[in-house]
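In our numbering, the protein residues as written are 208 to 702. Down below is the structure, laid out as structure tokens.
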Amino acid sequence: MSALLHWTPELGLILLLAIPLTGSIGVLAFSRWPNLREAVTLLTGIVLLANVTALVMAVDTGARPTINLMNVASGLTLNFTLEPLGAVFAALASALWLINSLYSIGYMRGNKARDQTRFYLCFTIAIAAAMGVAASGNMLTLFIFYEALTLSTYPLVTHNGDEKARRGGRIYLTILMGTSIGLFLPAVIATQVLAGSTDFSPGGLLAGNVNPVIGSILLLLYAFGIGKAALMPVHNWLPNAMVAPTPVSAFLHAVAVVKAGVFTMLKMSVYIFGLDFMRTLPAAHWLAWIAAISIVLASLIALAKDNLKERLAYSTISQLSYITLGAMIATPMAALGAALHIIMHAWGKITLFMCAGAIYTARHITEVSGLKGLGKSMPWVFGAFFIGAFSIIGLPPLAGAWPKLLLMMGATDPANRVFIGALVISSLLNVAYLLPVPIMAFFGKPPPTRGKVPTAPRLTVLPPVITAIGTIVLFFAVGPILDFLRPVFESGGIS
208 MSALLHWTPE
218 LGLILLLAIP
228 LTGSIGVLAF
238 SRWPNLREAV
248 TLLTGIVLLA
258 NVTALVMAVD
268 TGARPTINLM
278 NVASGLTLNF
288 TLEPLGAVFA
298 ALASALWLIN
308 SLYSIGYMRG
318 NKARDQTRFY
328 LCFTIAIAAA
338 MGVAASGNML
348 TLFIFYEALT
358 LSTYPLVTHN
368 GDEKARRGGR
378 IYLTILMGTS
388 IGLFLPAVIA
398 TQVLAGSTDF
408 SPGGLLAGNV
418 NPVIGSILLL
428 LYAFGIGKAA
438 LMPVHNWLPN
448 AMVAPTPVSA
458 FLHAVAVVKA
468 GVFTMLKMSV
478 YIFGLDFMRT
488 LPAAHWLAWI
498 AAISIVLASL
508 IALAKDNLKE
518 RLAYSTISQL
528 SYITLGAMIA
538 TPMAALGAAL
548 HIIMHAWGKI
558 TLFMCAGAIY
568 TARHITEVSG
578 LKGLGKSMPW
588 VFGAFFIGAF
598 SIIGLPPLAG
608 AWPKLLLMMG
618 ATDPANRVFI
628 GALVISSLLN
638 VAYLLPVPIM
648 AFFGKPPPTR
658 GKVPTAPRLT
668 VLPPVITAIG
678 TIVLFFAVGP
688 ILDFLRPVFE
698 SGGIS
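As structure tokens, then:
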């Protein structure tokens with residue numbers, strides 16, 4: 208207790224893991240008392256967010272807390288070092304995990320879901336892994352927590368226990384483990400051999416240590432090895448994971464998993480290669496084209512999906528490629544836009560997924576074509592969906608407008624201007640596949656009903672309303688976020 212009264216940033220790094228892991232013990236201890244079990248989950252989220260907030264404030268004043276977790280071998284250590292990009296990811300994940308935990312209570316109880324203790328236990332372990340990803344001081348440490356995140360979320364993906372869930376889980380595990388062990392790990396090993404370290408280094412660890420040919424090979428290994436970034440063609444795990452309960456879908460898309468992927472992509476670009484070196488690599492331009500194609504193609508697939516969660520899944524694949532595109536363009540402005548998109552997309556997309564779950568809980572409807580007229584009985588849910596959709600589209604005054612603007616400004620070089628077209632086309636397709644959902648709900652003719660119209664539990668309605676409001680607040684609060692992140696991309700920024 209006395210140690211907690213003398214909080215330091217270094218202690219805060221330890222608490223990033225200690226708080227959620229302690230919470231997982233509490234979840235198990237109170238497994239027979241659901242109210243206490245859920246209270247432990249929420250309390251864990253509150254304490255974790257408070258700790259992360261203190262760490263963000265310390266990083267903002269110039270601190271770069273570091274602790275060594277383990278010496279593996281000479282020149283190989285597992286360590287935590289928190290810099291602005293990691294601090295932002297930790298803040299995003301901890302804040303949205305708390306909101307998603309509140310939502311989970313309403314959803315799991317409303318649907319009388321099975322194995323709820325296991326569900327909350329895996330959630331706490333998964334957020335611990337996400338905190339490890341955020342605070343990793345080198346690529347070896349990040350790789351270990353990246354894998355822990357995959358393994359801890361697998362039971363969440365397969366939670367429903369039927370054949371469809373098991374099949375989705377197999378695809379999830381096969382693609383994510385296959386890409387990470389087959390491509391990501393060899394890239395980490397090669398980095399250690401060629402540079403003598405995997406530490407995140409301002410200006411890039413590989414710059415000056417490898418030629419553009421070797422650098423391009425390594426970049427391709429990293430880009431497709433980081434399967435959680437869902438760059439086509441290693442994206443298929445994401446729509447298949449939609450067999451999971453909706454709180455898990457929200458966690459995958461907004462809180463931790465895919466955000467851990469694109470966060471890793473950005474960390475690799477800035478601290479392993481360095482933006483200046485990235486711009487000299489032929490593979491970076493090839494990958495920018497692949498990202499641009501993914502942006503448009505995934506949007507077209509989303510347009511054809513009638514299942515709401517599948518439509519949102521392909522939307523996420525498209526939106527993640529915005530971040531990969533910014534990393535591959537590798538100008539400071541484009542990379543800053545990519546980092547900002549991690550935040551802004553998360554708040555908009557979690558809103559949409561929580562709304563989809565509220566609709567299912569109230570009416571057991573999963574298809575867009577079945578939503579006609581539901582807005583009259585669920586105005587808060589579809590109102591929140593409207594706001595979240597406008598944010599994903601990128602319309603002011605909503606959070607999603609800023610990263611798209613920065614990405615376009617970062618792509619003004621003649622060699623990159625074609626990518627602006629991909630962003631514009633995607634935004635138009637966003638309109639086409641997102642806005643029909645609330646429009647049909649509010650203006651469509653509802654089917655005839657008998658008796659009392661079912662409504663969603665309040666705890667499935669309040670969280671998406673909160674995150675929808677968050678997309679408005681973030682539009683006006685973008686200045687301090689940009690000031691916090693800008694040094695990372697202007698100077699490489701750990702020190």
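Every residue gets a Cβ at the ideal spot worked out from N, C-alpha and C, and that includes glycine. In this text, all values refer to a predicted model and were calculated from it rather than measured experimentally.
Would you report the Cα separation of residue i and residue j, rounded to the nearest angstrom?
{"i": "T273", "j": "L559", "result": "37 Å"}
{"i": "S592", "j": "I572", "result": "Here the sequence assigns Phe to residue 592, which means Ser is not the residue at that position. So the two alpha carbons sit approximately 15 Å from each other."}
{"i": "R325", "j": "M535", "result": "39 Å"}
{"i": "K611", "j": "F650", "result": "30 Å"}
{"i": "G595", "j": "I676", "result": "9 Å"}
{"i": "L283", "j": "L412", "result": "15 Å"}
{"i": "T568", "j": "A335", "result": "28 Å"}
{"i": "V469", "j": "L428", "result": "15 Å"}
{"i": "I433", "j": "L347", "result": "13 Å"}
{"i": "K474", "j": "A498", "result": "17 Å"}
Taking the alpha carbon of residue i as the point to measure from, which residue in the options has its own alpha carbon closest?
{"i": "A225", "options": "N278, I332 and K319", "result": "I332"}
{"i": "G252", "options": "Y310, G269 and N275", "result": "Y310"}
{"i": "L401", "options": "A629, R316, P409 and N416", "result": "N416"}
{"i": "F683", "options": "S476, N242 and L605", "result": "L605"}
{"i": "A663", "options": "K435, I232, L613 and I566", "result": "I566"}
{"i": "P291", "options": "N275, L262, I312 and N278", "result": "L262"}
{"i": "V477", "options": "E245, F696 and I232", "result": "F696"}
{"i": "K435", "options": "L285, T538, V259 and I382", "result": "I382"}
{"i": "P489", "options": "T453, N345, Q399 and P419", "result": "P419"}
How far does the beta strand (DSSP E) with residue i in it extend, from its first residue to its last?
{"i": "A280", "result": "T273 to A280"}
{"i": "F287", "result": "L283 to T288"}
Along the alpha helix (DSSP H) that carries residue i, what are the first and last residues, could you check?
{"i": "E574", "result": "First-last for E574: undefined, no H or E at that position."}
{"i": "M475", "result": "Taken as a continuous stretch (DSSP letters only), M475 belongs to no alpha helix (DSSP H), as it is neither H nor E."}
{"i": "A297", "result": "P291 to G317"}
{"i": "F352", "result": "M346 to V364"}
{"i": "R624", "result": "R624 to L641"}
{"i": "P671", "result": "R665 to F683"}
{"i": "P227", "result": "P216 to A236"}
{"i": "T260", "result": "P241 to D267"}
{"i": "H492", "result": "P489 to A511"}
Tell me which residues share the same chain as residue i and place their Cβ nearer than 6 Å to its Cβ, disregarding the 5 neighbours each side in the sequence.
{"i": "I557", "result": "L303, A457, A461 and T674"}
Count the other C-beta atoms from every protein chain shown that fall within 10 angstroms of the C-beta of residue i, then say buried if there are 16 or more, exposed otherwise.
{"i": "T248", "result": "buried"}
{"i": "V441", "result": "buried"}
{"i": "N623", "result": "buried"}
{"i": "W609", "result": "buried"}
{"i": "N447", "result": "buried"}
{"i": "G313", "result": "buried"}
{"i": "M208", "result": "Interpretation of M208 is limited by its pLDDT of 44, a score under 50 that renders its predicted location unreliable; the figure taken from the coordinates is listed afterwards. Exposed is the call here."}
{"i": "N345", "result": "buried"}
{"i": "S308", "result": "buried"}
Please list, in chain order, all residues of the same chain as residue i whose beta carbon is under 7 Å from its beta carbon, the five residues on each side excluded.
{"i": "S343", "result": "F287, L349 and F352"}
{"i": "A337", "result": "A300, L356, A463 and A467"}
{"i": "K512", "result": "R518 and Y521"}
{"i": "G700", "result": "For G700, the predicted model reports a pLDDT of 44, less than 50, meaning its position is unreliable; a value from the coordinates is still stated below. Closer than 7 Å at the Cβ level, and outside the excluded window around G700, lie E290, P291, P409 and P694."}
{"i": "M615", "result": "I627 and L630"}
{"i": "L243", "result": "F237"}
Which residues in the same chain have their Cβ closer than 8 Å to the Cβ of residue i, if we skip the five residues on either side of it in sequence?
{"i": "S702", "result": "Any answer about S702 is weak, because its pLDDT of 38 lies below 50 and its placement is not dependable; what the coordinates show is given next. So the qualifying residues of the chain are R271 and P409."}
{"i": "A451", "result": "L363, V364, T365, H366, N367, A372, G375 and L459"}
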